[in-house]
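In the working numbering, the protein residues as written are 3 to 265.
A virtual CB, placed ideally from N, CA and C, is assigned to each residue, including glycine.
The structure under discussion appears below in the form of structure tokens.
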């Protein structure tokens, strides 16, 4: 298989990766590459995140991609700001708040299953048992994915995450065509419905940018982007929270005594 990231210093042999990481640490915590800039310090990350004009937020070369198939994170200003407003409105807290009972039920169900397996003497990895499935189940719910399709949805979500990490030169639809076709079908069903469900895809279809509705390609692309971004960030957050609670018994005791600390 050809190397789709030949200019990535962290995508080579073990020796090459170690040399690249050493260079990042030696060069004040950053390293310029043909793909962009690697950062290894909190100060460096903060500086880059505040440089809106100079840092789009993606290593992807989107110059040859159709504009409607460029994800939000790789869209330059001023288009980024206009698209960001749409995305923010689609996933605003007040719109997702009705999913809270489902989220609580799903979390309790996953934890109960993990505890039952542990009580039966089976080894349990909380990442596999709780952290990984939780975000994809919730995202599937808010997207309006039927329960019977949620297992396939989680598999596609994982494939999309893995594929995007391996290459930066394709659109999301090219990464996992079967998943893209599923999202496209969901779009068409909602367009044809007299009263479509009030979910993320429907809200994308009703949104406008400067008076123009989003195309199917744009809705499909940003829906798939939310799936990737929501999965990865939430898994990392839940996993890190569990790690710190397990590593700091005083913190664990404080949270058990006052659940309000979680907010």
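Beta-carbon contacts of residue i that lie in its chain and below 8 Å, excluding the five residues immediately before and after
| i | result |
| --- | --- |
| residue 240 | 132, 133, 136 and 137 |
| residue 120 | 126 |
| residue 89 | 74, 224 and 228 |
| residue 104 | 140 and 143 |
| residue 101 | 140, 143 and 144 |
| residue 49 | none |
| residue 254 | 247 and 248 |
| residue 110 | none |
Beta bridge counterpart(s) of residue i as assigned by DSSP
| i | result |
| --- | --- |
| residue 210 | 215 |
Pick from the options that is closest to residue i, judged by C-alpha positions
| i | options | result |
| --- | --- | --- |
| residue 99 | 231, 262 and 201 | 201 |
| residue 231 | 211, 15, 20 and 141 | 141 |
| residue 188 | 94, 151, 40 and 246 | 151 |
| residue 203 | 75, 93 and 65 | 93 |
| residue 178 | 185, 162 and 192 | 162 |
| residue 182 | 158, 193 and 205 | 158 |
| residue 71 | 24, 217, 144 and 250 | 217 |
| residue 87 | 261, 20, 244 and 205 | 205 |
| residue 176 | 50, 226 and 256 | 226 |
| residue 172 | 53, 50, 66 and 48 | 66 |
| residue 69 | 174, 243 and 257 | 174 |
| residue 185 | 215, 207, 196 and 263 | 207 |
| residue 165 | 234, 190 and 24 | 234 |
Cut-off 7 Å between Cβ atoms - residues of its own chain near residue i, not counting five sequence neighbours on either side
| i | result |
| --- | --- |
| residue 116 | 126, 128, 131 and 132 |
| residue 237 | 133, 134 and 137 |
| residue 95 | none |
Contacting residues, own chain, Cβ-Cβ under 6 Å from residue i (five flanking each side not counted)
| i | result |
| --- | --- |
| residue 155 | 142 and 147 |
| residue 4 | Low per-residue confidence applies at residue 4: pLDDT is 46, beneath 50, and the placement is therefore not dependable enough to give any value. |
| residue 85 | 74 and 77 |
| residue 198 | 192 and 204 |
| residue 257 | 263 |
| residue 251 | none |
Minimum Cβ-Cβ distance from residue i to chain D less than 8 Å
| i | result |
| --- | --- |
| residue 236 | This model lacks chain D altogether; it includes just one protein chain. |
Contact test: residue i Cβ vs the ligand FMN heavy atom, cutoff 7 Å
| i | result |
| --- | --- |
| residue 193 | The ligand FMN is not among the ligands present in this structure, which contains no ligands whatsoever. |
May I ask you to verify whether the stretch 222-229 touches the stretch 108-115, counting CB pairs closer than 8 Å and requiring at least 3? Contact between the stretch 222-229 and the stretch 108-115 is absent, because fewer than three Cβ pairs lie under 8 Å.
Alpha helix (DSSP H) runs wholly inside the stretch 83-163, at least 4 long, in chain order: 95-98, 102-121 and 135-145
Report yes or no: do three or more beta-carbon pairs, one from the stretch 207-220 and one from the stretch 80-88, lie closer than 8 Å? Yes, they touch.
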